[in-house]
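Going from the sequence shown to the working numbering is simple: count from 1 and add 135.
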Amino acid sequence: MCFGLCLGLPLIAIPLGAQAAPDTSRSVQDSALRVFFDCPNFDRGCDFDFMRTEIGFVNWVRNREDAHVHILISTQVTGGGGDAYTITFIGLKQFRGTTDTLHYVSNTTETRDEIRRGLARVLKLGLVRFAALTPLAPRMDVTYSAPAAGQTAAAVYDPWDYWVFRIGMNGNYSAQKAINNFGIFTDLSASRITERLKVRLSLNGGIRYDPDSAATFSSLTRNYGASALVARSAGGRWSAGLRGSITQSTFLNQRHQIRVTPAVEYDVFPYSQSTRRLMTLQYAVGVAHFAYIETTIYEKKSEALPLQTLTLSVSATQPWGTVFGSVEGSAYYRNNTVNKNSLSFFGSTQVRLIKGLSISLFGNAAIVHDQIFLSGQGIDEPTLLLQRRQLETSFFYQAFVGMSYSFGSIYNNIVNPRFEGGGGSFFFSN
């Protein structure tokens with residue numbers, strides 16, 4: 136785990152008021168630094184309630200326009216399964232033009248509490264530079280925990296050579312008087328990620344059973360798969376890789392699908408900026424072999440087809456909001472023509488338009504002309520009702536839009552959890 140400039144020095148700033156009786160003077164707290172906290176990923180340590188209770192020498196505000204400092208946090212998964220946080224301190228108002236960036240890396244074995252405490256420590260470090268220029272500066276001090284005598288920095292020794300292994304299994308069961316279902320799912324993975332090389336291997340499988348209490352219909356679906364990825368850096372903007380996979384799916388009428396696709400990727404921005412902005416163009420070409428459970432509408436029981444995909448992906452985490460989007464086109468070659476293809480779109484964004492007003496957009500869509508797996512035997516009523524097979528379609532789309540506006544007090548310091556706990560409930564209607 137590292138923080139700040141990753142020097143390994145446990146340096147932390149704390150308010151002296153934490154060691155003495157609290158000052159009740161309103162003017163003192165009014166002159167404190169006003170901070171806007173911008174970290175959308177709560178599950179990865181961005182616990183705003185915790186930050187507000189741990190960092191009391193600033194005033195937290197609801198809107199960026201009222202802040203002296205905008206804290207923008209973006210995350211990226213590390214090779215060992217942890218998270219790398221990029222924490223940017225953006226000066227506003229009298230601090231405009233002043234920007235600092237610190238880093239914090241969590242370990243996959245750490246609890247959520249350990250992660251949020253480590254992240255809070257780095258936030259305190261970054262805020263000191265700004266708080267030192269406020270009237271609260273005389274009330275602050277810096278403490279330092281010196282390393283033990285004779286302790287020296289040692290080179291990193293990893294007996295696992297950066298390999299990380301995971302084994303997971305989960306199951307679920309639900310029941311009502313006339314309906315019940317259960318499922319079992321398992322996965323195994325191994326990965327080795329360094330600056331220049333990425334290797335990912337995985338196995339997964341699942342069974343889902345939906346029996347009917349009246350014994351009229353029942354549904355059993357199985358999905359199994361294995362995949363491998365090897366990608367190597369070819370500079371600050373280029374990468375080359377090889378993907379391979381084998382899958383089985385009753386839903387897609389596939390006894391198995393084996394796919395091998397070499398690929399090349401170009402990043403418009405250097406990969407080193409990926410936590411803030413990323414725009415990649417990836418081209419892959421290869422071959423796919425299919426063995427079908429039932430003969431397809433093209434009278435095929437098995438076939439091997441060349442294929443190619445082109446994918447453009449964009450993501451950004453900026454002071455005005457976050458955005459992610461992708462466009463992917465794919466095509467199979469049959470009879471020396473590109474006659475089975477699809478085009479898909481995905482987009483998600485959350486943007487602050489003006490003070491207090493934000494908008495959220497999400498959507499994905501696809502134009503589908505490559506359902507070569509469709510069964511030629513048609514769809515019977517139980518399969519249709521229980522959705523045990525993918526149905527024929529030429530398109531798919533869904534969209535979501537949301538807007539919120541808040542106004543009133545600019546301060547956001549208080550944490551009051553009363554009456555926020557509760558249990559679960561069931562609601563039935565006819």
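Every residue gets a Cβ at the ideal spot worked out from N, C-alpha and C, and that includes glycine. Since this is a predicted model, take the numbers as computed values, not measurements.
Item                                                                                                                                                                                 : Value
With DSSP as the reference, please indicate the residues paired to Lys567 in a beta bridge.                                                                                          : Limits of the chain in this structure are 136 at one end and 565 at the other, which puts residue 567 out of reach.
With DSSP run on the structure shown, which of helix, strand or coil describes Tyr297?                                                                                               : coil
Roughly how many angstroms separate the alpha carbons of Asp158 and Gly217, rounded to a whole number?                                                                               : Per-residue confidence for Asp158 stands at a pLDDT of 47, beneath the threshold of 50, marking its modelled position as unreliable; no derived number is given.
Please report the residue range of the beta strand (DSSP E) in which Val462 lies.                                                                                                    : 456-469
In chain order, what residues of the same chain lie with their CB nearer than 7 Å to the CB of Tyr418, ignoring the 5 residues before and after it?                                  : Ala398, Val399, Leu445
Check whether the Cβ atoms of Ser461 and Phe480 sit closer than 9 Å, and answer yes or no.                                                                                           : yes
Please check the pair Leu227 and Val193, which I expect to be a contact at CB under 8 Å, by giving their CB distance rounded to whole angstroms.                                     : The pair is not a contact, with the Cβ atoms about 13 Å apart (cut-off 8 Å).
Can you give, in chain order, each stretch of the alpha helix (DSSP H) that sits fully within the region 182-249 and has at least 4 residues?                                        : 183-189
Can the beta-carbon of Ser374 be found closer than 9 Å to that of Ala363?                                                                                                            : no
Report buried or exposed for Ser209, applying the criterion of at least 16 other Cβ atoms within 10 angstroms of its Cβ.                                                             : buried
Assign Asn305 to buried or exposed, taking buried as 16 or more other Cβ atoms, counted over all protein chains shown, within 10 Å of its Cβ.                                        : exposed
Return the bridge partner residues of Ala266 from the DSSP annotation.                                                                                                               : Note: Ala266 sits in no beta bridge, so no partner.
When burial is assigned at 16 or more other CB atoms within 10 Å of the CB, is Arg301 buried or exposed?                                                                             : exposed
Alpha carbon to alpha carbon, how far is Gln512 from Asn470?                                                                                                                         : 24 Å
Between Asp173 and the rest of its own chain, which residues show a CB-CB distance below 8 Å, the 5 nearest in sequence each way excluded?                                           : Arg199, His205, Ile206, Leu207, Ile208, Pro454
Can you give me the C-alpha to C-alpha distance between Ala313 and Gln392, rounded to a whole angstrom?                                                                              : 36 Å
Given that a residue counts as buried once 16 or more other Cβ atoms are within 10 Å of its Cβ, and exposed if not, what is Tyr467?                                                  : buried
Identify the continuous beta strand (DSSP E) that holds Gly379 and give its terminal residues.                                                                                       : 373-384
Alpha carbon to alpha carbon, how far is Tyr546 from Tyr540? Give it in angstroms, no decimals.                                                                                      : 16 Å
By alpha-carbon positions, which one of Gln229, Arg231, Gly232, Lys259 ends up nearest to Thr188?                                                                                    : Lys259
Tell me which residues share the same chain as Leu488 and place their Cβ nearer than 8 Å to its Cβ, disregarding the 5 neighbours each side in the sequence.                         : Ile494
For Val365, write down the residues that DSSP places opposite it in a beta bridge.                                                                                                   : Val334, Leu377
My output table needs one value for Lys259: the three-state DSSP class, helix, strand or coil.                                                                                       : helix
Which of the three DSSP states is assigned to Leu526 in this structure?                                                                                                              : coil
Going by DSSP in three states, Ser407 sits in which element: helix, strand or coil?                                                                                                  : helix
Following the continuous beta strand (DSSP E) through Thr472, name the residue where it begins and the one where it ends.                                                            : 472-489
Which class does Gln512 belong to by DSSP, given the choice of helix, strand or coil?                                                                                                : coil
Using only CA atoms, which one of Phe542, Ala361, Pro552, Thr329 lies nearest to Val196?                                                                                             : Phe542
Helix or strand or just coil, what does DSSP make of Gly543?                                                                                                                         : coil
If we count Cβ pairs, one from each stretch, closer than 8 Å, do we get three or more for the region 423-437 versus the region 498-511?                                              : yes
So, Gly491 versus Asn476, is the Cβ gap smaller than 9 Å?                                                                                                                            : no
Who are the near neighbours of Ile549 in its chain, counting only those whose CB is closer than 7 Å to its CB and skipping five residues on each side?                               : none
Exposed or buried, Asn388, counting other C-beta atoms within 10 Å across all chains shown (16 or more means buried)?                                                                : buried
Use the C-beta contact count for Tyr308: other C-beta atoms within 10 angstroms, 16 or more gives buried, fewer gives exposed.                                                       : exposed
Might you give, ordered along the chain, the residues of its own chain that have their beta carbon closer than 7 Å to the beta carbon of Thr213, omitting 5 neighbours on each side? : Ala219, Val240
On the CB-based measure, 16 or more other CB atoms within 10 Å of its CB, does Thr243 come out buried or exposed?                                                                    : exposed
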